[in-house]
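Participant: Numbering (full-length UniProt numbering), first residue to last: 1 to 489. Questions regarding the structure given below will be posed in turn.
Here is the structure:
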């Protein structure tokens, strides 16, 4: 036998569908709905609280009017006499909306003329019997109308020569006196609340549109960049709020992307320019060798040997240039490889052995004090080798190169032609080469690689003319020391 699924089991999927549909709405619509909902809840809470407070105040006023009703007047005395005589004596009508009746301890009651009787309740009888001083309650009269009734004890009344102390008087008023104002108040609150909710929704939509206008501008800018690849677009920034920060971030990102694209284009152009020269020379030499083989006209052995040496040198230069390009292909902001504690003096000593092989006729002096740094070993050795290669390349025959390492500052001085002061700011730029060094082998990337490696290790590199107006250039690399030597040391 199948059973129906309880409605509670369907509440979860219904809520999920509502949430999905709500999230599918535009952001400004969601903001307007949320604002209108929040205002509706606040208005409803205030309206309900106002209604209940007003009701309590009206009920208190009605109860106070019943307690303060004067029952020692002529109509009250006539009613009491009429009730004690069993209706033989006439009674007057009570003015207003009051319903007045006499209640006896036996449960009987006597009502004023032309008023609808209100059945006596046990609490009213208890007051008449002297068990209670008064009673306040709500009940229905014989016509089914809700009445608020207040009963209090009457003083002893003498009738037929006997004192009757078993009487009480009940004063009642219809609750419609407060129900009608409360109903009117409820409609007024509902109308005002509805207008407030609609106004809040409209205001929320307006605020959402005004607040999200910078986001729309940002969206349009991003779509424009995606469509046209135009990175010159900038968003106006007004203020210091979250939207302004987002606009600043987008502008910074666009500027960085534009700069990166410009650097990439410049790198490709410079690489093409640098590759053209060795490739053209290599092509010319290869064509000479091929034409010699095709025509049968042999090139003299000495010329052929020179051509082969030139081809070998050009291939070596191309290999070095490609290696430098691969090294620089990594973004400048890329994280360096794992840093290790490295003995800078040992790395420098190894680089010096390679430098002496490349310039055997040169005199290389060294003074290396122990110093440990945190760096990428292979990259650090390559950087120092590049600095020493420059010193070897620009040193005159049988020249001297001085290498010193003292408290983390490595200096390399050559005795070459030096670098003019106006060219020093450009020596670390990619592919930049001094006009005096255009004929020497090299790609113009070595010092750029050195600068990046040193900066990643937290150091600085500078080039300056030799002191005391001497020949040559001094390269200085400063690296912060590591806390302790490597464990194997």
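The beta-carbon is built from N, C-alpha and C at its ideal position, and this holds for glycine as well.
With DSSP run on the structure shown, which of helix, strand or coil describes residue 475?
Facilitator: Strand.
Participant: Leaving out five residues on either side along the sequence, give the residues of the same chain with a beta carbon under 8 angstroms from the beta carbon of residue 51.
Facilitator: Cβ neighbours of residue 51 beyond the five flanking positions: 182, 185, 186, 189.
Participant: Is the separation between the beta-carbon of residue 178 and that of residue 58 shorter than 9 angstroms?
Facilitator: Going by C-beta atoms, residue 178 is nearer than 9 angstroms to residue 58.
Participant: Does the Cβ-Cβ distance between residue 40 and residue 197 come in under 9 angstroms?
Facilitator: A contact, by the Cβ cut-off of 9 angstroms.
Participant: For residue 212, which of 26, 61, 413 has the nearest alpha-carbon?
Facilitator: With distances taken between Cα atoms, residue 212 lies closest to 26.
Participant: Grab me the residues of residue 142's own chain with a C-beta within less than 8 angstroms of its C-beta, minus the 5 sequence neighbours each way, in chain order.
Facilitator: Excluding residues within five positions, the ones whose Cβ falls inside 8 angstroms are 116, 117, 118, 119.
Participant: Considering only residues of the same chain and omitting the five flanking positions on each side of residue 217, which have a CB-CB separation below 6 angstroms?
Facilitator: These residues qualify, in order along the chain: 235.
Participant: Which partner residues does residue 367 have in the DSSP bridge list?
Facilitator: 404, per the DSSP bridge assignment.
Participant: State buried or exposed for residue 4, treating a residue as buried only when at least 16 other CB atoms are found within 10 Å of its CB.
Facilitator: In this prediction, residue 4 scores a pLDDT of 49, lower than 50, which makes its location untrustworthy; the coordinate-derived value is nonetheless stated afterwards. Looking at its Cβ environment, which holds fewer than 16 other Cβ atoms inside 10 Å, residue 4 is exposed.
Participant: Given a threshold of 16 other Cβ atoms within 10 Å of its Cβ, counted over all protein chains shown, does residue 113 qualify as buried or as exposed?
Facilitator: With fewer than 16 Cβ atoms within 10 Å of its Cβ, residue 113 is classed as exposed.
Participant: Within the segment 128 to 186, note down every full beta strand (DSSP E) run reaching 3 residues or more, in order along the chain.
Facilitator: 134 to 140, 146 to 153, 157 to 159, 162 to 164, 167 to 174, all fully within the segment 128 to 186.
Participant: Nearest by alpha-carbon distance to residue 417: which of 204, 470, 361 is it?
Facilitator: That would be 470, whose Cα lies nearest to the Cα of residue 417.
Participant: I'd like to confirm the pairing. Which residues does DSSP put opposite residue 109 in its beta bridges?
Facilitator: DSSP, once it has assigned bridges, lists 103 as partnering residue 109.
Participant: Give me the Cβ distance between residue 482 and residue 374, rounded to the nearest whole Å; I'm assuming they're in contact under 8 angstroms.
Facilitator: Contact holds; Cβ gap of about 5 angstroms.
Participant: Quick check on the DSSP output: the beta strand (DSSP E) that includes residue 462 runs from which residue to which?
Facilitator: Its beta strand (DSSP E) spans residues 460 to 465.
Participant: So residue 499 and residue 464 are supposed to be a Cβ contact under 8 angstroms. How far apart are they, rounded?
Facilitator: Only positions 1 to 489 of the chain appear in the structure, and residue 499 is not among them; the question remains open.
Participant: Rank 259, 76, 245, 48 by C-alpha distance to the C-alpha of residue 231 and give the top, closest one.
Facilitator: Cα-wise, what sits closest to residue 231 is 259.
Participant: Can you list, in chain order, the residues of its chain with a C-beta nearer than 6 angstroms to that of residue 100? Leave out the 5 residues immediately preceding and following it.
Facilitator: Same-chain partners within the cutoff: 94, 112, 171.
Participant: Given residue 365, which residues of its chain have a CB within under 8 angstroms of its CB, disregarding the five upstream and five downstream residues?
Facilitator: Within the same chain, residue 365 has close Cβ partners 400, 401, 402, 403.
Participant: Would you list the one or two residues that DSSP bridges to residue 373?
Facilitator: Per DSSP, 342, 481.
Participant: Pick helix, strand or coil for residue 412, following the three-state DSSP scheme.
Facilitator: In this structure, residue 412 counts as strand in the three-state DSSP scheme.
Participant: Leaving out the 5 sequence neighbours to the left and right, which residues in its chain are closer than 7 angstroms to residue 248 when beta-carbon positions are compared?
Facilitator: The residues are 237.
Participant: What do you get for residue 383, buried or exposed, if any count of 16 or more other CB atoms within 10 angstroms of its CB means buried?
Facilitator: The residue in question, residue 383, is buried, as its Cβ has 16 or more Cβ neighbours within 10 Å.
Participant: Please report how far the alpha carbon of residue 16 lies from the alpha carbon of residue 193, in whole angstroms.
Facilitator: When rounded, the distance between both Cα atoms is 29 angstroms.
Participant: Leaving out five residues before and five after residue 332 in sequence, what residues of the same chain have Cβ atoms less than 6 angstroms from its Cβ?
Facilitator: Residue confidence is low: residue 332 scores 48 on pLDDT, short of 50, so the model does not pin down where it sits. Its coordinate-derived value is still stated next. So the list is empty, once near-sequence residues are dropped.
Participant: Mind checking residue 279: buried by the 16 CB within 10 Å criterion, or exposed?
Facilitator: Under this definition residue 279 is an exposed residue.
Participant: Roughly how many angstroms lie between the CA atoms of residue 55 and residue 173, to the nearest whole one?
Facilitator: Distance between the alpha carbons of residue 55 and residue 173 is about 16 angstroms.
Participant: Measuring straight from C-alpha to C-alpha, what distance separates residue 369 and residue 462?
Facilitator: Each residue's alpha carbon lies about 20 angstroms from the other.
Participant: Would you say residue 359 and residue 387 are within 9 angstroms of each other, going by their C-beta atoms?
Facilitator: No, these two residues do not count as a Cβ contact at 9 angstroms.
Participant: So within the segment 174 to 244, which uninterrupted alpha helix (DSSP H) runs reach at least 4 residues, ignoring any that extend past its ends?
Facilitator: Counting only runs of 4 or more, we get 176 to 228.
Participant: For residue 195, verify whether its CB is less than 8 angstroms away from any heavy atom of the ligand PLP.
Facilitator: In the structure shown, the ligand PLP is absent, as is every other ligand, since no ligand is present at all.
Participant: Going by CA-CA distance only, name the one from 285, 220, 293 that's closest to residue 314.
Facilitator: For the residues 285, 220, 293, the minimum Cα distance to residue 314 belongs to 285.
Participant: Grab the span of the alpha helix (DSSP H) containing residue 59 for me, first residue to last.
Facilitator: That run of the alpha helix (DSSP H) goes 27 to 67.
Participant: Does DSSP classify residue 349 as helix, strand or coil?
Facilitator: If DSSP states are grouped into helix, strand and coil, residue 349 belongs with the helices.
Participant: Using CA coordinates, which residue listed in 78, 293, 250, 411 is at the minimum distance from residue 220?
Facilitator: Residue 220 has its Cα closest to that of 250, out of 78, 293, 250, 411.
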